[in-house]
Amino acid sequence: MRDTLFEQVSRIGKALASPKRLELIDLLCQGEKTVEALAEGARCSVKLASAHLKALRQARLVEARREGKYAFYHLADAHVADVWIHLRALAEERLLELQTALRSMTASDKDVVGTDRSTLLRQASRGEVIVIDVRPVEEFEAGHLPRARSLPLTELRARLRELPKDKPIVAYCRGPYCLMSSEAVALLKKRGFRAAKLADGVAEWRAHGLPLET
710 MRDTLFEQVS
720 RIGKALASPK
730 RLELIDLLCQ
740 GEKTVEALAE
750 GARCSVKLAS
760 AHLKALRQAR
770 LVEARREGKY
780 AFYHLADAHV
790 ADVWIHLRAL
800 AEERLLELQT
810 ALRSMTASDK
820 DVVGTDRSTL
830 LRQASRGEVI
840 VIDVRPVEEF
850 EAGHLPRARS
860 LPLTELRARL
870 RELPKDKPIV
880 AYCRGPYCLM
890 SSEAVALLKK
900 RGFRAAKLAD
910 GVAEWRAHGL
920 PLET
């Protein structure tokens, strides 16, 4: 019986023991997606994405529904996102190689928001800072930080005039492993805005018990 118990729990570990499956889970933290969208986001073939999703389904970590000829995948439960966040936090704490890689992703500590989450929420509520979500629109609609504006990275350059230059701007995307917010901050600073990035995405925000909007 003990062997059976540990064997069943190990199914979760086996399902997570793949970089590409972790990336798929990270993408699904942003909301429901088709196989094709997941394959594009994870930079792999639809066939390979489908195989990884099958493994995640067998471990009851993701679920799927069909709509016409398309299959839409979503996380089986919010706890799956929590497991990913805690696993990532443990890796960042224990693995020097990961710490080095993360530091190389941010050109300067000045590019990262220095205030805590609760303070940022209060500042956004009072209109003291402008929070922009640079993810695709469908991810913004699935869930976003309070008071955030949808300004996808692909549209940012053409929509800069919508942003005030007399207030600091905070950009966020899919989380600490996403580079869209870094690219947004670089563009904004080049155009004379005061800008910084928030390492959090919606999954991290929710995991810390903070509200989201849809």
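First residue of the sequence shown: 710, per my numbering; consecutive thereafter. Built from N, CA and C at the ideal position, the CB exists for glycine as well.
### Query
What did DSSP end up calling Thr713 once you bin it into helix, strand or coil?
As a working mapping, residue 713 is identified with position 4 in the sequence shown. Correct three-state label for Thr713: helix.
### Task
Pick helix, strand or coil for Leu784, following the three-state DSSP scheme.
Here residue 784 refers to the residue found at position 75 of the sequence shown. Leu784: strand per DSSP, three-state reduction.
### Message
What would DSSP say about Val822, mapped onto helix, strand or coil?
### Response
Here the question's residue 822 lines up with position 113 in the sequence shown. Residue state, collapsed to three classes: coil.
### Message
With distance defined between alpha-carbon atoms, name the residue in His917, Arg883 and Arg900 nearest to Ala908.
### Response
One-based indexing of the sequence shown puts residue 908 at position 199. The option with the nearest alpha carbon to Ala908 is Arg883.
### Query
Helix, strand or coil: how does DSSP classify Ala758 here?
Taking the first residue of the sequence shown as 1, we reach residue 758 at position 49. Ala758 falls in the helix class under three-state DSSP.
### Task
Within the same chain, show all residues whose beta-carbon is closer than 8 angstroms to that of Leu807, passing over the 5 residues directly before and after it, in chain order.
Locating residue 807 in the sequence shown gives position 98, counting from the first residue. Answer for Leu807: Ala800 and Glu801, listed in chain order.
### Query
Can you tell which of Arg858, Gly740, Val718 and Arg730 has the C-alpha that lies nearest to the C-alpha of Gly852?
For the purposes of this step, residue 852 is taken as residue 143 along the sequence shown, with counting starting at 1. Ranking the options by Cα distance to Gly852, first place goes to Gly740.
### Task
Measure the Cβ-Cβ separation of Leu737 and Ala748 and say whether it is below 9 angstroms.
As a position in the sequence shown, residue 737 is number 28, starting the count at 1. As a position in the sequence shown, residue 748 is number 39, starting the count at 1. Result no, Cβ atoms of Leu737 and Ala748 do not sit closer than 9 angstroms.
### Query
How is Ser727 classed by DSSP in three states: helix, strand or coil?
For the purposes of this step, residue 727 is taken as the residue at position 18 of the sequence shown. Ser727 falls in the coil class under three-state DSSP.
### Task
State the start and end residues of the unbroken beta strand (DSSP E) segment that holds Ala904.
Position 195 of the sequence shown, counting from 1, holds the residue named residue 904. Run containing Ala904: Ala904 to Lys906, per the beta strand (DSSP E) assignment.
### Task
Please look up how many angstroms separate the CB atoms of Val789 and Leu770, rounded, as I've assumed it's under 8 angstroms.
Here the question's residue 789 lines up with position 80 in the sequence shown. Here the question's residue 770 lines up with position 61 in the sequence shown. Val789 to Leu770, Cβ: 5 angstroms. Contact.
### Three-state secondary structure assigned by DSSP to His853
Here residue 853 refers to the residue found at position 144 when the sequence shown is read from its first residue. In this structure, His853 counts as strand in the three-state DSSP scheme.
### Query
With C-beta atoms as the reference, is Val822 less than 9 angstroms away from Lys906?
Translated into positions along the sequence shown, residue 822 becomes position 113. Translated into positions along the sequence shown, residue 906 becomes position 197. Result yes, Cβ atoms of Val822 and Lys906 sit closer than 9 angstroms.
#### Entry: Exposure label - Met814; buried when at least 16 CB within 10 Å
Working through the sequence shown from its first residue, we reach residue 814 at position 105. Burial call: exposed.
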